[in-house]
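Chemist: Take this structure, written in structure tokens, and hold onto it; I'll ask about it next.
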Amino acid sequence: GAGVSQSPRYKVAKRGQDVALRCDPISGHVSLFWYQQALGQGPEFLTYFQNEAQLDKSGLPSDRFFAERPEGSVSTLKIQRTQQEDSAVYLCASSLRASGSVGELFFGEGSRLTVL
Amino acid sequence: AQTVTQSQPEMSVQEAETVTLSCTYDTSESDYYLFWYKQPPSRQMILVIRQEAYKQQNATENRFSVNFQKAAKSFSLKISDSQLGDAAMYFCALGGATNKLIFGTGTLLAVQP
Numbered sequence: 435g436a437g438v439s440q441s442p443r444y445k446v447a448k449r450g451q452d453v454a455l456r457c458d459p460i461s462g463h464v465s466l467f468w469y470q471q472a473l474g475q476g477p478e479f480l481t482y483f484q485n486e487a488q489l490d491k492s493g494l495p496s497d498r499f500f501a502e503r504p505e506g507s508v509s510t511l512k513i514q515r516t517q518q519e520d521s522a523v524y525l526c527a528s529s530l531r532a533s534g535s536v537g538e539l540f541f542g543e544g545s546r547l548t549v550l
Numbered sequence: 258a259q260t261v262t263q264s265q266p267e268m269s270v271q272e273a274e275t276v277t278l279s280c281t282y283d284t285s286e287s288d289y290y291l292f293w294y295k296q297p298p299s300r301q302m303i304l305v306i307r308q309e310a311y312k313q314q315n316a317t318e319n320r321f322s323v324n325f326q327k328a329a330k331s332f333s334l335k336i337s338d339s340q341l342g343d344a345a346m347y348f349c350a351l352g353g354a355t356n357k358l359i360f361g362t363g364t365l366l367a368v369q370p
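Respectively, the protein sequence lines represent chains A and B.
So the first sequence is residues 435 to 550, counted in our numbering.
So the second sequence is residues 258 to 370, counted in our numbering.
Listed below in structure tokens is the structure:
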């Protein structure tokens, strides 16, 4: 597609439910990032993929968070046993270059997760 | 640790006027990059301008320019001839050797007609 696509745009989950958020990056982009953006805050880094390899997952807040990109394109962020503090907008971004912080990041519109 | 600080939660500017958004940062790396991103209400972040730390010349992109003061670790964004479409949240971000961007808390810019 022309841009980074994320789904669902909005997700409401009951506390304790598992959720899966999908990101479809720009075709051919090597780098893929997940960020978490709490209300009124800047995005915070969660994890980074270079093709299918997860090179950095230092930002994942707990072992309830899991991300994968098995074929080096579409990525899924899974949150198990959701908690209220997981409520946020989850942003996906992709970059053409392998060194993502050097090149321009292209962001999706985000998935807003609300945990009740 | 790398940090980015935006001390102006909100700013307002009259249409056609000029506004400057402030950003300070801290990093121990010698090779790094600085960015300004715009986030309209639809939430899709868009790159406004970027600056390589090794370049002394300030970056410009049409009506957008930066004032990069490396010694002071300051990276402000100037928007000239402000337009209604410039209204958005603006984030300053720092990137270095690690493959992640560190974002500030943002400045919400309102443009008054």
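We put the beta carbon where it would ideally sit given N, CA and C, even for glycine.
#1: Is the segment 265-284 of chain B in contact with the segment 325-333 of chain B, if contact means three or more CB pairs nearer than 8 Å?
#2: For residue 549 of chain A versus residue 514 of chain A, is the C-beta spacing smaller than 7 Å?
#3: Take the Cβ of residue 512 of chain A as the centre, count every other Cβ of all protein chains shown within 10 Å, and call the residue buried at 16 or more, exposed below.
#4: Taking the alpha carbon of residue 441 of chain A as the reference point, which residue from A:452, A:456 and A:447 has its own alpha carbon closest?
#5: Tell me whether residue 473 of chain A is buried or exposed, calling it buried when 16 or more other Cβ atoms sit within 10 Å of its Cβ.
#6: Find the residues of chain B that neighbour residue 506 of chain A, judging by a C-beta separation of less than 7 Å, and give them in chain order.
#7: Beta strand (DSSP E) containing residue 513 of chain A: first to last residue?
#8: Would residue 475 of chain A count as contacting chain B if we go by Cβ distances under 7 Å?
#9: So which residues on chain A does residue 360 of chain B lean against when the C-beta distance must stay under 9 Å?
#10: Taking Cβ-Cβ distances shorter than 7 Å, what residues in chain B pair up with residue 554 of chain A?
#11: Ignoring anything shorter than 3 residues or poking outside the segment 267-310 of chain B, list the beta strand (DSSP E) runs there in chain order.
#12: Could you check the C-alpha separation between residue 340 of chain B and residue 496 of chain A for me, to the nearest Å?
Modeler: Checking against the coordinates, here is how it stands:
#1: yes
#2: As a working mapping, residue 549 of chain A is identified with position 115 in the first sequence. As a working mapping, residue 514 of chain A is identified with position 80 in the first sequence. No, Cβ-Cβ distance for residue 549 of chain A and residue 514 of chain A is not below 7 Å.
#3: Numbered from 1 along the first sequence, position 78 holds the residue referred to as residue 512 of chain A. Residue 512 of chain A is exposed by the Cβ-count criterion.
#4: Here residue 441 of chain A corresponds to residue number 7 of the first sequence, with the count starting at 1. Of A:452, A:456 and A:447, the residue nearest in Cα terms is A:456.
#5: One-based indexing of the first sequence puts residue 473 of chain A at position 39. Residue 473 of chain A should be labelled exposed.
#6: On the first sequence, residue 506 of chain A is found 72 positions in, with the first residue counted as 1. Near residue 506 of chain A there are no residues of chain B at all, since even the closest Cβ is about 15 Å away, more than 7 Å.
#7: Indexing the first sequence from 1 puts residue 513 of chain A at position 79. From DSSP, the beta strand (DSSP E) with residue 513 of chain A extends over 509-513.
#8: Here residue 475 of chain A refers to the residue found at position 41 of the first sequence. For residue 475 of chain A, the answer is yes, since a Cβ of chain B falls inside 7 Å of its Cβ.
#9: Counting from one through the second sequence, the residue named residue 360 of chain B turns up at place 103. Simply 469, 471, 475, 476, 477, 478 and 479.
#10: As shown, chain A starts at 435 and ends at 550. That puts residue 554 of chain A outside it, with no answer to give.
#11: 267-271, 276-278, 281-283, 290-296 and 303-309
#12: Reading the second sequence from its first residue, position 83 is the one you call residue 340 of chain B. Reading the first sequence from its first residue, position 62 is the one you call residue 496 of chain A. Each residue's alpha carbon lies about 42 Å from the other.
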